[in-house]
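All remarks here apply to the structure that follows.
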Amino acid sequence: MKWLEFIFSLLSDLITGNKKATSSLLLDTVNNLTMNKEQSPTNQSNYIWETRVLISQLEKMGFYKYADPSMIEGIKKEAIEKDYVFCGEFGREFPADAEALGQCGLSDFFKEIKDFLDKQNVIINISEENAEENGYHITINDCSYEIYSEQELQQDWWKLSSIRCFSIINKLLEEAGSKERIYHINDGNDQFAIFLTEEMYQSIYDHCSLAERDKPKFVGNIFR
265 MKWLEFIFSL LSDLITGNKK ATSSLLLDTV NNLTMNKEQS PTNQSNYIWE TRVLISQLEK
325 MGFYKYADPS MIEGIKKEAI EKDYVFCGEF GREFPADAEA LGQCGLSDFF KEIKDFLDKQ
385 NVIINISEEN AEENGYHITI NDCSYEIYSE QELQQDWWKL SSIRCFSIIN KLLEEAGSKE
445 RIYHINDGND QFAIFLTEEM YQSIYDHCSL AERDKPKFVG NIFR
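When we follow this note's numbering, the leftmost residue of the sequence shown carries the number 265, and every step to the right adds one.
Structure (structure tokens):
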């Protein structure tokens with residue numbers, strides 16, 4: 265009956281030319297449908313079930329192999345309850361403040377992720393690192409990289425620093441024969457780096473209840 269009342273009201277407003285009432289009625293209907301969907305117990309149960317399936321898939325892929333074995337069950341439980349896969353200390357997530365990276369911070373970041381890179385047989389020897397008015401350059405394993413140039417200081421050098429830092433890491437991972445790659449979530453001062461395999465990334469990205477901002481982003485390897 266409610267749908268019939270809605271249709272008759274909509275037709276009546278259209279016939280009488282009451283466009284304002286028609287727009288208001290349509291907006292209220294969409295809002296009500298959205299609220300009902302969000303508040304539906306069935307919808308919430310579906311999200312929990314989908315997250316549980318995702319966590320199970322990721323565990324089989326080795327997602328938790330770098331976590332403390334005694335903490336894995338607790339981490340999984342929290343992820344399911346919060347419908348958010350990046351919960352707890354699972355050994356793959358690291359702070360990656362974009363501003364800090366751009367202020368000659370790559371060497372400090374490499375120290376933070378050293379244990380993870382060691383497990384991938386990635387060796388990093390930094391022989392030079394300079395961030396001055398003429399740009400930011402770093403030499404790793406006898407290979408020189410430009411993080412940003414003097415001209416690029418007029419651009420978003422925070423973002424450039426992140427993209428080129430992650431590209432260097434992906435290049436080194438690829439050369440070491442690792443299937444792991446570095447991704448990031450969020451941007452700016454809230455940016456985090458996350459190591460995933462392509463299979464893990466695809467499963468997480470396809471998870472329909474995960475907000476777009478929480479999905480990992482891949483920058484690839486621009487230094488091939």
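Positions of the beta carbon are idealized from the N, C-alpha and C atoms, including for glycine.
Asked, Found
"Where the alpha helix (DSSP H) containing leucine 424 begins and where it ends", "421-439"
"Rounded distance between the beta-carbons of alanine 331 and alanine 457, thought under 8 Å", "Contact flag wrong, Cβ pair sits at about 17 Å."
"DSSP-derived helix/strand/coil call for tyrosine 465", "helix"
"Assumed close pair proline 480, isoleucine 449 - CB separation to whole angstroms, cut-off 8 Å", "6 Å"
"Alpha-carbon spacing of histidine 471 relative to asparagine 398, whole angstroms", "43 Å"
"Beta-carbon spacing of glutamine 384, leucine 322 below 9 Å", "no"
"CB contact flag (valine 483, serine 426, <9 Å)", "yes"
"Outcome for lysine 531 when other beta-carbon atoms lying within 10 angstroms are tallied against a minimum of 16", "Any answer about residue 531 is impossible in this case: the structure gives the chain only from 265 up to 488."
"Contact test: glycine 355 Cβ vs the ligand SAM heavy atom, cutoff 8 Å", "Ligands in the displayed structure: none, and consequently the ligand SAM is not present."
"Buried/exposed call for alanine 362, threshold 16 Cβ in 10 Å", "buried"
"CB of isoleucine 316 within 9 Å of CB of isoleucine 336, strictly", "It should be pointed out that residue 316 corresponds to arginine in this sequence rather than to isoleucine. Contact flag unset, no."
"Cβ neighbours of glutamate 231 in the same chain (closer than 8 Å, five flanking residues each side left out)", "No answer is possible for residue 231: it lies beyond the span of the chain, which begins at 265 and ends at 488."
"Reduced DSSP category for arginine 316 - H, G, I as helix; E, B as strand; rest coil", "helix"
"Whether cysteine 368 touches tyrosine 409 by CB criterion (9 Å)", "no"
"Close-in-space but distant-in-sequence residues of the same chain around leucine 365 (CB under 7 Å, 5 per side omitted)", "Phe373, Ser425, Ser426, Cys429"
"Aspartate 379, buried or exposed, once every other Cβ within 10 Å from all chains shown has been counted against 16", "exposed"
"Every unbroken alpha helix (DSSP H) within the segment 320-403, with a cutoff of 4 residues, ordered by chain", "336-346, 362-366, 370-376, 378-383"
"Inter-residue Cα distance where the pair is asparagine 394 and serine 413", "11 Å"
"Where the beta strand (DSSP E) containing isoleucine 486 begins and where it ends", "From DSSP, isoleucine 486 is part of no beta strand (DSSP E); its letter is neither H nor E."
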